[in-house]
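Quick note: the sequence shown uses full-length UniProt numbering, first residue 1, plus one each step. The C-beta atom is built at its ideal place from N, Cα and C for all residues, glycine as well.
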Amino acid sequence: MVLFFKSTAVDPPAFIYMGRDKVENEELIKYAWPQDVWFHVDKLSSAHVYLRMTEGMGWESIPEALVTDCAQLVKANSIEGNKKDNITIIYTPASNLKKTGDMAVGQVSFHNDKKVKRVYVEKRENPIVNRLNKTKEERQVDHEQERIDRIKKENAVKRAAAAEKKKQDAELAKAREAEKAARSYDSLFNVEEDEDTPRKTGRELEDDFM
């Protein structure tokens, strides 16, 4: 089972989710989305909390209020961390999580330690935790089917974008051809005008200077 929360710290609201137990955490590590960011208490056992970033949001520029929501949720769901003040929460893109066969269930490391950020949490903020818990929903998730549906949707968006670009390129090429043809016509018209203009004879030229 997966627990889902809604953060109203940003508009539109962002969704946060976590596994109910360490077995579910293994599934989340495997099936996390490219736009997911993973949160955990540093050096202590805790829930694996994921933020699904909204469109246009980057993991290095997540709004501070949203980071605070995620950090408070992680702290509240850590047996040790919830009892302590002055703890550190770490977070990184889900794609940076590294899982090898010799690791215990729920244990992870990172592909790149430089892509791990830290946020200091002085104490538990009950108003934040209570606000998030009021939005909590527990759902059974078919991770594989969700992955298939996501990829289909992403591919459909890519195809639509490619088709739109192809259309725009064709329209641009057509406009350029029309502009080129117009310039060629104007040039031809000017040449014909010059040829039709009566040329002055030598006598007429002499008269101009008299």
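Subject >> Other residues of its chain near VAL66: CB distance less than 8 Å, five sequence neighbours each side excluded >> reply: Val is not the amino acid found at residue 66; the sequence shown has Leu there. Cβ neighbours of LEU66 beyond the five flanking positions: SER7, ALA9, VAL10, ALA14 and LEU51.
Subject >> Exposure label - LYS75; buried when at least 16 CB within 10 Å >> reply: buried
**OP:** Jot down the residue ranges of each uninterrupted beta strand (DSSP E) in the region 160-188, minimum 3 residues, whole runs only, in chain order.
**Re:** none
**OP:** Assign LEU73 to buried or exposed, taking buried as 16 or more other Cβ atoms, counted over all protein chains shown, within 10 Å of its Cβ.
**Re:** buried
Subject >> Cβ shell of ASP42 (< 6 Å), same chain only, five flanking positions each side left out >> reply: THR88 and ILE90
Subject >> CB-CB length for VAL49 against MET18, believed under 8 Å >> reply: 5 Å
Subject >> alpha helix (DSSP H) runs wholly inside the UniProt domain "NFACT RNA-binding" (1-112), at least 4 long, in chain order >> reply: 22-31 and 64-76
**OP:** For my contact list, ALA94 and ASP169 are in at a C-beta cut-off of 8 Å; report their separation, rounded to the angstrom.
**Re:** The Cβ separation is near 35 Å, so there is no contact.
Original post:
Rounded to the nearest angstrom, how far is the Cβ of SER45 from that of GLU80, given a contact under 8 Å?
Top reply: 6 Å
Subject >> Nonlocal neighbours in the same chain, by C-beta distance under 6 Å from HIS111, ignoring five residues either side >> reply: ASN96 and LYS98
Subject >> Distance, THR92 Cα to ASP113 Cα >> reply: 9 Å
**OP:** With a 10 Å radius around its C-beta and 16 neighbouring C-beta atoms as the bar for buried, classify ASP149 as buried or exposed.
**Re:** exposed
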